[in-house]
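Residue numbers (my numbering): 9 to 285.
Glycine included, every Cβ here is placed at the ideal spot set by N, Cα and C.
Worksheet for the structure shown next.
Given below as structure tokens:
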């Protein structure tokens, strides 16, 4: 089985309720296939805009890139497989591995992809030459599946316009109490379908969209006014200074008072806006 010896598995595993965090970490010499089957994930890859989303999705880690990622709320179902070797160069030149790691790749055929990942991990754990060969083939199957994801169903033009208009209203008045169950009913959509369409159009869940625009509004007030932090918290719809400060620090990576002192609005990384194409 020497044919498969040009690839080795560095790290692998699965966790149904993971809350682990990678903070400013280098993956020295190896690549990683990170499958978030469910739950939230925040990813910051050196050289790329950071993002936050919910599974099912895949992102890749790579050598010589600084990564931070974790689950901001709750836990995630996370399956991963890290690998290195001469064969990886063929994956890169052949397009199986992205040249630009850290990007979000939604997974449409969730059950099928999950089965491949679980079989891959099972084969790696057996640690026999035959199982290793099977694991390499399963890894390549997983990479092919990632690169050939079917397109998600597109929403109609009417629904796109409704979602776009709502997103613009939220951006203008994030401090309001937004009831998305009522918004979905007004669109004559189920709440689940409404959330799916909102995510498809904006790239982010409705509640997170509201939160990020509240933080954006708060950041502007911190810089442009002398309002107390607790006053800004209520002005932006947070209801209390403690919750506001915790959410501000989580997204901005510094406290409101530090942000006001530093005066650097460009440190805000939330880039989820209504799509224009």
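Item, Value
"Rounded C-alpha distance that separates residue 267 from residue 210", "27 angstroms"
"Short CB-CB distance (under 8 angstroms) between residue 195 and chain B", "Among the chains in the structure shown there is no chain B, since it carries only a single protein chain."
"Residue closest to residue 205, alpha-carbon to alpha-carbon, out of 224, 220, 167, 225", "167"
"Secondary structure, alpha helix (DSSP H): runs of 4+ residues fully inside the segment 106-157", "118-134, 137-155"
"Cβ-based burial, residue 190 [other Cβ within 10 Å; buried from 16]", "exposed"
"Validate contact between the segment 236-246 and the segment 87-96 using beta carbons, cut 8 angstroms, 3 pairs", "no"
"Bridge-paired residues (DSSP) for residue 60", "50"
"Per-residue burial, residue 274 [other beta carbons within 10 Å of its own, 16 or more giving buried]", "Bear in mind that a pLDDT of 43 at residue 274, under 50, signals an unreliable position, so the number given afterwards is only what the model happens to contain. With fewer than 16 Cβ atoms within 10 Å of its Cβ, residue 274 is classed as exposed."
"Closest by C-alpha distance to residue 117, when choosing among 100, 144, 157", "157"
"Which listed residue (85, 140, 63) has its alpha carbon closest to that of residue 212", "63"
"Residue 193 burial status per 10 Å Cβ neighbour count (16 or more: buried)", "exposed"
"Extent of the continuous beta strand (DSSP E) to which residue 228 belongs", "Counting along the chain, residue 228 falls outside any beta strand (DSSP E), though it belongs to the alpha helix (DSSP H) covering 214-232."
"Member of 69, 17, 28, 75 whose CA lies at the smallest distance from the CA of residue 84", "28"
"Coarse secondary structure for residue 188, derived from DSSP in three states", "helix"
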